[in-house]
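As structure tokens, the structure follows; a few thoughts come after it.
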Amino acid sequence: MNDEPSSNFSDRKMTSGAQRILTQIRRRAAENKEDRPPLYEWLVQELLGEENRATEVLDLPTSTLGALQNHYSSDFSASEPFIFFEWQLTLLRHADRYAILSSVEAVTGTEHLLMSAMELDASTREVFAEHGVQLEDLVEKIALPDLEIGIDLEDEIQVKPAGAGVVDEPTLFRILDASANRCREGMRVVEDFVRFGLNESFLSRELKELRHLVTETLRHLSQEKWVTCRDTLNDVGTTTSTPSEAYRGTPVDVLRASMKRIEEALRSLEEYSKLIDADLSQRFEQSRYRFYTIEKAIETNFNSRERLKNRRLYLLVTAEDCRYGLETTVRDSIAKGVDIVQLREKRRTDRELLEMAKEVREWTYEQDALFIMNDRPDLAAACHADGVHLGQDDLSVGDARKIVGSQMLVGISTHNIEQAREAIYAGADYLGVGPTFPSQTKEFTDFAGLDFLSEVAAETNLPWFAIGGIDLSNLGLVFEAGAARIAVSATICAAPDPRGRARELASRLFTNAEKNVKM
Ligand SMILES: Cc1ncc(COP(=O)(O)OP(=O)(O)O)c(N)n1
Ligand SMILES: Cc1nc(C(=O)O)sc1CCOP(=O)(O)O
Ligand SMILES: [Mg+2]
């Protein structure tokens with residue numbers, strides 16, 4: 001039985017079976033060429049289906065049910081004039097009342113819709129009476145001790161939807177039309193920023209895809225009626241504007257205002273389309289959440305670009321791999337051009353690790369280098385690091401952010417383009433991109449290689465660091481593949497002259513950056 005309680009339809013508690021049937025009727029009404037569809041006949045036809053609670057709970061004798069199904073299997077011609085939207089509100093108001101008075105959970109089901117149809121429509125009542133079924137009998141079956149039948153429901157505030165009668169169908173269409181336009185226009189503005197301002201191909205593709213998805217969802221609503229209902233000249237909203245609407249200081253202000261508009265418009269589409277079609281409303285809701293994710297990725301993108309601007313040489317340190325010890329290596333290499341230091345220790349107790357992390361924090365702070373903790377968001381938070389680096393098997397960005405908060409940098413290791421896209425979408429601040437070449441520091445069996453660097457270069461301008469076996473001998477190839485930043489370990493830590501090696505790498509990165517606009 002498809003009658004599980006659900007709360008999606010217009011904030012009512014309604015079974016999914018009842019929702020489905022109302023959605024079907026709405027679709028049929030929208031497709032109907034005549035403007036007077038036989039809504040009650042269609043409704044009762046659906047309600048008498050085998051799968052519904054209406055036939056089970058109301059316990060209609062099999063022969064009566066068969067005869068009624070037979071009656072309702074014929075084609076019906078147009079009946080009284082109906083506006084679907086108002087018809088549905090009245091029907092639901094009456095059905096809700098039956099639901100409220102029949103159980104404490106008050107979940108409106110197909111049985112309540114059927115009773116409501118009998119109460120509101122004389123011809124349905126007559127057809128059922130001809131087959132020996134009276135509304136009063138059904139009322140008794142669902143045990144409603146104090147219910148009066150046929151009373152004026154206008155006075156029953158608790159079941160009357162707020163605003164019924166104020167928002168008629170044309171008004172609803174005008175609201176949807178305005179929200180759809182706001183949403184599409186806002187999306188264009190954001191897309192332009194991401195495409196031309198940020199130069200982000202992956203995120204602009206995501207936005208375009210989302211815009212098409214929303215357009216596709218809108219296509220399922222009866223948009224042809226919207227334009228007829230459009231009344232721009234008399235729309236009070238076209239003339240009211242706040243001072244903040246007129247003022248946009250920077251392109252980022254334009255971007256942020258548009259992102260808010262999109263979210264509001266999607267919310268409006270989601271809420272008002274609930275009155276028409278629960279499925280479509282859910283699709284708008286999903287689009288809204290998808291947009292929040294993209295918004296977060298856009299915000300992260302330009303914040304991290306700013307924070308990592310001009311930081312191109314990233315050093316991973318493990319004490320036992322440092323020819324001259326940890327402190328000398330860290331201090332000397334920063335002095336000669338390393339901008340970021342990551343503590344990467346795999347065989348320490350937590351206590352030892354935190355002690356080391358606090359020292360590296362101190363040394364990096366003194367020379368204005370960033371300090372990143374490998375693998376451990378908890379220790380990153382405990383030693384006030386600038387960030388944490390996570391691999392594909394470490395915590396996710398979202399979970400790490402619960403520990404380190406929104407301000408700390410979160411970097412992600414990526415080994416193929418899908419992982420890189422996923423990391424951007426998840427709101428990573430930077431990417432590790434590799435392994436490029438065989439490494440002395442970590443063993444690999446597969447290499448993403450130079451092609452992967454080129455793929456990432458074409459896809460994003462989020463700061464990313466080529467990593468894995470990079471040294472002075474292959475740096476030219478790394479630049480040719482499009483990298484502007486590198487992360488290294490052995491080439492500095494194990495070098496006979498770590499200072500000289502750091503200086504040389506930093507200088508080549510600087511010269512490359514002068515040629516290559518990516519910062
Ligand atoms: C800058 C940077 N990029 C990649 C890595 C590798 O991280 P992960 O895959 O988690 O492997 P381990 O370093 O933890 O062995 C990194 N650490 N830093
Ligand atoms: C720890 C690590 N992760 C990599 C990855 O590709 O994810 S490469 C790597 C080792 C980096 O050190 P070196 O410069 O000595 O090769
Ligand atoms: Mg790791």
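When we follow full-length UniProt numbering, the leftmost residue of the sequence shown carries the number 1, and every step to the right adds one.
Backbone N, C-alpha and C define an ideal beta-carbon position, used for all residues, glycine too.
All values derive from a computational prediction rather than experimental measurement.
Quick check: what's the CA-CA separation for residue i versus residue j?
| i | j | result |
| --- | --- | --- |
| L280 | E270 | 8 Å |
| N8 | Q282 | Bear in mind that a pLDDT of 45 at N8, under 50, signals an unreliable position, so the number given afterwards is only what the model happens to contain. Taking the straight line from one Cα to the other gives about 8 Å. |
| N310 | S333 | 16 Å |
| G163 | L89 | Low per-residue confidence applies at G163: pLDDT is 46, beneath 50, and the placement is therefore not dependable enough to give any value. |
| Q440 | V317 | 13 Å |
| R348 | P498 | 24 Å |
| K185 | K274 | The residue you asked about is not Lys; residue 185 is Glu in the sequence shown. Taking the straight line from one Cα to the other gives about 23 Å. |
| R211 | E418 | 22 Å |
| E111 | L138 | 9 Å |
| R97 | E51 | 23 Å |
| D375 | H389 | 6 Å |
| E206 | I262 | 15 Å |
| F399 | H384 | Before going further, note that residue 399 is Asp rather than Phe in the sequence given. Computed Cα separation, rounded: 18 Å. |
| Y324 | C493 | 8 Å |
| R485 | R421 | 18 Å |
| G132 | T64 | 8 Å |
| A357 | F465 | 22 Å |
| L233 | R174 | Note on L233: pLDDT 49, under 50, position unreliable in the model; the coordinate value appears next. Each residue's alpha carbon lies about 12 Å from the other. |
| R195 | F202 | 9 Å |
| M187 | V410 | 28 Å |
| P161 | L395 | At P161 the pLDDT is 44, less than 50, meaning the model places this residue with poor confidence and gives no usable figure here. |
| E200 | F437 | 27 Å |
| Y314 | R508 | 14 Å |
| I25 | E209 | 31 Å |
Tell me the DSSP secondary structure of residue i in three-state form.
| i | result |
| --- | --- |
| T250 | coil |
| A29 | helix |
| N199 | coil |
| S281 | helix |
| V317 | strand |
| T349 | coil |
| F173 | helix |
| A487 | strand |
| S102 | helix |
| I470 | coil |
| T441 | coil |
| Y324 | coil |
| L274 | Correcting the residue identity first, residue 274 is Lys in this sequence and not Leu. Three-state result, K274: coil. |
| G186 | helix |
| K358 | helix |
| Y365 | helix |
| Q69 | helix |
| F76 | coil |
| V139 | helix |
| G500 | helix |
| L266 | helix |
| S396 | coil |
Go ahead and label residue i buried or exposed: buried means 16 or more other beta carbons lie within 10 angstroms of its beta carbon, across all protein chains shown.
| i | result |
| --- | --- |
| K336 | buried |
| L472 | exposed |
| N301 | buried |
| V159 | With a pLDDT of only 36 at V159, under the threshold of 50, the placement of this residue in the model should not be trusted, and no figure is reported. |
| P496 | exposed |
| F510 | exposed |
| N461 | buried |
| G66 | exposed |
| A458 | exposed |
| T215 | exposed |
Among all the DSSP beta bridges, which residues are the ones paired with residue i?
| i | result |
| --- | --- |
| L409 | G387 |
| G432 | S413 and F465 |
| Q342 | L316 and I372 |
| T108 | M14 |
Tell me whether the beta-carbon of residue i lies closer than 7 Å to the beta-carbon of residue j.
| i | j | result |
| --- | --- | --- |
| G109 | T171 | no |
| A257 | Y425 | no |
| L326 | A319 | yes |
| A95 | Y40 | no |
| L255 | F193 | yes |
| R68 | L43 | Strictly speaking, residue 68 in this sequence is Leu, with Arg absent from that position. Result no, Cβ atoms of L68 and L43 do not sit closer than 7 Å. |
| S304 | Y430 | yes |
| L218 | A180 | yes |
| C183 | A122 | no |
| G432 | S413 | yes |
| V397 | G427 | yes |
| A29 | L113 | no |
| L450 | A481 | yes |
Got a sec: does ligand 4 put a non-hydrogen atom nearer than 6 Å to the Cβ of residue i?
| i | result |
| --- | --- |
| D394 | As far as ligands go, the structure on display features ligand 1, ligand 2 and ligand 3 and does not contain ligand 4. |
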